[in-house]
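K.L.:
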Amino acid sequence: MLQFPSPYDKTPPEKIKIVRPSPDSLDSTIANRCIGSLIGLAIGDALGAGVEFCSREDLVKKPVEDMKTGGTWNLKAGQWTDDTSMSLCLASSLITQKDFNLYDQMVRYKWWYKHGFLSSTGRCFDIGNATRMSLEEFQRRQNVLKKDRKLRVDLEVDQLPLDVIKKHKFDVFCGSPGSAGNGGLMRLAPVPLFFYQVPTLAVEYSGQSARLTHGDVRAVDACRYYGALIAAVVRGESKEQLLNDKFYDDHKLWFGTKPLDASIMEVASGSYKQPKGYDDGIRGGGFVVQSLRAALWAFWSTETFEDGVINAVNLGSDTDTTAAIYGQLAGAYYGYSSIPEKWIKKLYARDLIVCIAEWLQALSYSKNVETASSQGASATQMEPNDELERFDDN
Ligand SMILES: [Mg+2]
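Under full-length UniProt numbering, residues 1 to 394 are what the sequence shown spells out, in order.
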């Protein structure tokens, strides 16, 4: 089993010891999609990182075509930002807990924020406002819990089992009601990759994963819809099915009794199909509805991973996140084998990301709980895994 080091060890992701799942536990077609999704996210992030906050006008004059050293965060070519770090934190929780444990997900995000866990530079150098405020609130709630349980060190409260967390009625949802940024969507992929076999859970948990840090229904529903799309890709649906204006109607059972918010339904009904892109109002900003439209536009208007990711970045503004969101879906759809080798070679900690994606597939949730409504779907439906995570020194 792949084990993650303690956040206090400050092990760089490239140095984490890789233990791959046995080939017998992998389906090569599905694995190609899962790896494509996570690598696609990281490549989009790395391509956009150097020009984050640059305007569309600047990028029209000098478009991004490759990974470069320097730029906004002064990163080396191939290094990635918060989008990939948080996504790897989420994936590390799913595969070590073998469970959808929202408390543990927040703990890992906090490790990234406070200790640089799974950061490409060893520290958290960029964080969205909503995410930062939510993690500060989470820490505050944890401090109350720590006092209540008379615990001495943070790691003890971080590793409390889920039943104890539930007994204390600990509220893990730390997002403010008005937070409608793209911070949940940028890290989403591990959830639908892990739950693709049970789409009702993939959709419900995609929404919950966003609600940890973003309380607005648009942030939650963007993730429910995009989670459904990623699950559909992994399940082998065609581009025509994915981009059908009736996608929601065709997959209504996946969404249970909660319809999508009108703003997301409008996107799902095809509002991103704008032939002139930026000139038709497609924008790469931080508002989740904007990002969702932009990522889908890039996927809809191109035929290859490469063309779409470049177009997503060159919209400007929140370049890395637009491209990371695009990369999750397009990478799964075109598959790992279709992503340009020149970028895969440059990508920081590529072997670790591939290995994590393989574990997501090898351990993907497969219990037959399709009869449960998505309303009723909750972490309690899954077998509790009370075992504390054991760190090793790798
Ligand atoms: Mg970023």
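Glycine included, C-beta positions come from ideal geometry on N, C-alpha and C.
#1: With a threshold of 7 Å on Cβ separation, who are the neighbours of Asn-143 within its own chain once the five nearest residues in sequence on each side are excluded?
#2: Shorter than 7 Å from the beta carbon of Val-220 to some beta carbon of chain C?
#3: Please state if the CB of Arg-218 and the CB of Val-203 are separated by a distance shorter than 7 Å.
#4: Are Gly-286 and Gly-181 closer than 7 Å when you measure CB to CB?
#5: Mind checking whether Gly-78 and Met-67 have CB atoms under 7 Å apart?
#6: Is it a yes or a no for the stretch 28 to 40 touching the stretch 328 to 338, going by three-plus beta-carbon pairs under 8 Å?
#7: Where are the alpha helix (DSSP H) runs, 4 residues long or more, that stay fully inside the stretch 13 to 96, in chain order?
#8: With a threshold of 6 Å on Cβ separation, who are the neighbours of Leu-352 within its own chain once the five nearest residues in sequence on each side are excluded?
#9: In three-state DSSP terms, what is Pro-5?
#10: How far does the alpha helix (DSSP H) with Trp-359 in it reach, from first residue to last?
#11: For Asp-82 and Pro-340, what's the separation of their Cα atoms in angstroms?
#12: Go through its chain and collect everything with a Cβ distance to Phe-125's Cβ below 8 Å, but skip five positions before and after it.
#13: Among Thr-131, Lys-114, Gly-281 and Ile-43, which one has its Cα closest to the Cα of Arg-123?
#14: Between Thr-81 and ligand 1, is there a pair consisting of the residue's CB and a ligand heavy atom that are separated by less than 6 Å?
#15: For a quick check, are the C-beta atoms of Trp-300 and Lys-273 less than 7 Å apart?
#16: Which residue or residues does DSSP assign as beta-bridge partners of Ser-176?
#17: Rounded to a whole number of angstroms, what is the C-alpha to C-alpha distance between Ile-43 and Asn-32?
#18: What does a CB cutoff of less than 6 Å around Pro-7 pick up in its chain, not counting 5 residues either side in sequence?
#19: So the candidates are Ala-312, Pro-190 and Thr-322; which of them puts its Cα closest to the Cα of Trp-359?
#20: So Asp-318 and Asp-261 are in contact, right, with Cβ under 8 Å, and what is the actual spacing, rounded?
P.N.:
Answer, in terms of the structure:
#1: none
#2: In the structure shown, chain C does not exist; there is a single protein chain.
#3: no
#4: yes
#5: yes
#6: yes
#7: 28 to 49 and 56 to 61
#8: Pro-13 and Ile-16
#9: strand
#10: 350 to 362
#11: 23 Å
#12: Trp-73, Thr-81 and Ser-119
#13: Lys-114
#14: yes
#15: yes
#16: His-214
#17: 16 Å
#18: Trp-111, His-115 and Phe-117
#19: Pro-190
#20: Between Asp-261 and Asp-318 the Cβ distance is about 21 Å, and since that is not below 8 Å, they are no contact.
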